[in-house]
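The opening residue of the sequence shown carries number 89 in the numbering used here; numbering runs sequentially from there.
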Amino acid sequence: MFSFGKSSTKLCNPTRNGLDAATHESAPRAVVEQASLDQISRYRRVLLLQGPNGRFFSRLRDLLVAKGCQVTKVNFNGGDDLFYREGDLVRFTQPIVLWESFLRTLLVERCIDAVVVFGSSRRHHRIAARVAKSLGITFWVFEEGYVRPDYITLERSGVNADSPIASLELSDFPTLQAPPSARKFQHSFRKMALYSFWYFVGGILGTHRYPHYRHHKPFGIGELAQWIRSAYRKQYYRWRERALQERLLASDHPHFFLVALQVYNDSQIRVHSPWRRIEDFIEWTIHSFAEHAPTDSVLVFKHHPMDRGHTDYKAWIEACAARFGASGRILYIHDAHLPSLLHRSMGLVTVNSTTGLQALFHRVPVIALGRCFYAKVGLTYQGPLDAFWNDPGAVDMRIYARFRNFLVRVSQINSSFYADSMLVPVPDSLRYGWHGRFTRFLCAVGLVAADAYSGRPWDIFTAVNMLAAMVLG
Numbered sequence: 089m090f091s092f093g094k095s096s097t098k099l100c101n102p103t104r105n106g107l108d109a110a111t112h113e114s115a116p117r118a119v120v121e122q123a124s125l126d127q128i129s130r131y132r133r134v135l136l137l138q139g140p141n142g143r144f145f146s147r148l149r150d151l152l153v154a155k156g157c158q159v160t161k162v163n164f165n166g167g168d169d170l171f172y173r174e175g176d177l178v179r180f181t182q183p184i185v186l187w188e189s190f191l192r193t194l195l196v197e198r199c200i201d202a203v204v205v206f207g208s209s210r211r212h213h214r215i216a217a218r219v220a221k222s223l224g225i226t227f228w229v230f231e232e233g234y235v236r237p238d239y240i241t242l243e244r245s246g247v248n249a250d251s252p253i254a255s256l257e258l259s260d261f262p263t264l265q266a267p268p269s270a271r272k273f274q275h276s277f278r279k280m281a282l283y284s285f286w287y288f289v290g291g292i293l294g295t296h297r298y299p300h301y302r303h304h305k306p307f308g309i310g311e312l313a314q315w316i317r318s319a320y321r322k323q324y325y326r327w328r329e330r331a332l333q334e335r336l337l338a339s340d341h342p343h344f345f346l347v348a349l350q351v352y353n354d355s356q357i358r359v360h361s362p363w364r365r366i367e368d369f370i371e372w373t374i375h376s377f378a379e380h381a382p383t384d385s386v387l388v389f390k391h392h393p394m395d396r397g398h399t400d401y402k403a404w405i406e407a408c409a410a411r412f413g414a415s416g417r418i419l420y421i422h423d424a425h426l427p428s429l430l431h432r433s434m435g436l437v438t439v440n441s442t443t444g445l446q447a448l449f450h451r452v453p454v455i456a457l458g459r460c461f462y463a464k465v466g467l468t469y470q471g472p473l474d475a476f477w478n479d480p481g482a483v484d485m486r487i488y489a490r491f492r493n494f495l496v497r498v499s500q501i502n503s504s505f506y507a508d509s510m511l512v513p514v515p516d517s518l519r520y521g522w523h524g525r526f527t528r529f530l531c532a533v534g535l536v537a538a539d540a541y542s543g544r545p546w547d548i549f550t551a552v553n554m555l556a557a558m559v560l561g
């Protein structure tokens, strides 16, 4: 990381920790270091909390153990048990109010040097960050890649709005060479969805063992159905919105601004923005656009692909547009190719989504309305949204390149949680066979039937094409 180190109080003798003050954090220094899994392997005793859905943390354990680390893992639910079964494993089955004291005792007893988590906004991870800081223990956080699709994020202390990068000015960034060409990973989203499906199955089956656990997406048949419905809706929206896609991607497309919606329960919305719900952000944005944007411009809301099975804002967007006199100027789309939309848009509006970084890459001006690590003077628009519609400015690509090169160096690892065969090979037991396709077919039939009786526009030709895509896809 690029950081100024400070001395820290360790729980155990430094020689036992394998990380003394002289080699790690004692003297003030400025270091630009390539992010890598080796940063974690330097610690003698590592505690893993929750990881991404799938086997990534179990493979990380194998890598760390091979390098001489002692690794302890805490499991919180049956989904964790499904993918992490071996080694020094501790199960937390108590109410969340007892988590802090439980964790503090565990850290002391195991003489932990570093805590590693996936996502810093989950409640038990926020508590863990606070406890680790109080005990002088380094806290490392994995997250989905800031630069997508072929990177994962690893930062010390926090990610997104809590990233150490958030407090730096652009003038603090050294000039670095562009990173080498990244390895590419195939079918990451599909494998992530598959792992997530089985994670929720494990969570449901393990409810009796973890009676007090509450996931950020509730375990239950309803949640599983929404994941399956997401696959169905992808095909449905592809057919329903094909005319709209053609209109937005045509050479004579309307002048439009793009709004990148985030997942309905995204902690970055609840913790790091002025809004508690996506609906409130939608309403506020439409009102500003209707009052201040040029009358010949259009506003396009892009749905988040991970939220496809859970929410549909069509009725809410249409109601807000009608209330503020902007009907016909507000559009809503789900699965159009994002880079193609960005190339044609006049500017991107987001709360704090990493879609903003993709937009900057495509030279599209960005305004970030929440706390965001890349919302910096010289990089993103700094004025109010009301003014953005009329003069979004232009992206200084020299500044962006400097920022991106630094970002990739200190926080990005060219890997995938789900599809990097060097770390996370997909077990044969999780691959689709004939029985898997038959199960998908039954689920698809049920969901198509449910939509047919839901009152939404529907036709048999679209349904047949969707069934074929889901079963054969």
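Every residue gets a Cβ at the ideal spot worked out from N, C-alpha and C, and that includes glycine.
None of these values were measured; they are calculated from a predicted model.
Should residue i and residue j be called a contact, given that it needs their Cβ atoms to be closer than 8 Å?
i, j, result
"Y462", "G444", "yes"
"E329", "H422", "yes"
"Y352", "G142", "no"
"A456", "N440", "yes"
"L473", "I487", "no"
"H300", "I184", "yes"
"L337", "V386", "no"
"I200", "R133", "yes"
"R459", "H380", "no"
"D502", "R271", "Note that residue 502 corresponds to Asn in the displayed sequence, not to Asp. Going by C-beta atoms, N502 is nearer than 8 Å to R271."
"L511", "R278", "no"
"K390", "L429", "yes"
"P267", "V120", "no"
"L349", "H398", "no"
"V159", "L136", "yes"
Once the 5 residues before and after residue i are set aside, which same chain residues still bring their CB inside 6 Å of it?
i, result
"K155", "S129"
"C408", "E371, I374"
"G139", "F145, F206"
"G167", "Y287, G290, G291"
"A220", "V203, F227"
"H212", "W187"
"M280", "Y506"
"T442", "Y234"
"E243", "V229, S251, S499"
Between which two residues does the beta strand (DSSP E) carrying residue i extend?
i, result
"R133", "133-136"
"N163", "158-163"
"S251", "Unbroken run through S251: none, as it is neither H nor E."
"Y469", "Per DSSP, Y469 belongs to no beta strand (DSSP E) and is neither H nor E."
"Y420", "418-421"
With a threshold of 7 Å on Cβ separation, who are the neighbours of residue i within its own chain once the five nearest residues in sequence on each side are excluded?
i, result
"S245", "F227, P252"
"S433", "F344, F345, L346, V452"
"T241", "F230, E231, E232, G233, Y234, V247, S499, Q500"
"S276", "P237, S504, Y506, A507"
"K32", "Within the shown structure, residues of the chain are numbered from 89 to 561, placing residue 32 beyond reach of any answer."
"H431", "H450"
"S269", "none"
"M394", "V351"
Which same chain residues end up closer than 8 Å to residue i when comparing Cβ atoms and leaving out the 5 residues on each side of it in sequence?
i, result
"N163", "D169, Y172, L177, V178, R179, F180"
"R210", "Q138, H304, S355"
"A378", "A409, F412, G413, A414, R417"
"P382", "H343, W477, N478"
"Q274", "A507"
"P427", "Q446, H450"
In terms of residue numbering, what span does the alpha helix (DSSP H) encompassing residue i cover?
i, result
"I374", "366-380"
"H360", "355-360"
"E406", "402-411"
"W363", "Unbroken run through W363: none, as it is neither H nor E."
"R335", "330-337"
"A281", "276-293"
"D168", "166-171"
"L152", "144-154"
In the DSSP assignment, what residue or residues form a beta bridge with residue i?
i, result
"W228", "V204, R244"
"L346", "V388, L436"
"I128", "According to DSSP, I128 bridges with nothing at all."
"Q265", "The partner list for Q265 (beta bridge, DSSP) is empty, contrary to what the question assumes."
Consider the C-beta atom of residue i and the heavy atoms of the ligand ADP; say whether any pair is separated by less than 7 Å.
i, result
"S259", "Of ligands this structure carries none, so the ligand ADP is not represented either."
Does the CB of residue i have a neighbour CB from chain C at under 8 Å?
i, result
"L337", "No chain C is present in this structure, which holds just one protein chain."
Handout entry: Whole runs of the alpha helix (DSSP H) within the stretch 429-457, excluding any shorter than 4 residues
Key = Fully enclosed alpha helix (DSSP H) runs of 4 or longer: 443-449.
Problem - Complete beta strand (DSSP E) runs within the stretch 176-223 (minimum length 3 residues, chain order) - result: Secondary structure in the stretch 176-223: the beta strand (DSSP E) runs of 3 residues or longer, each lying completely within the stretch, are 176-179, 202-206 in chain order.
Exercise for the section: Any chance you could list the alpha helix (DSSP H) runs of at least 4 consecutive residues sitting entirely within the stretch 466-506, in chain order? Expected result: Inside the stretch 466-506, DSSP marks whole alpha helix (DSSP H) runs of 4 or more residues at positions 473-476, 485-499, from first to last along the chain.
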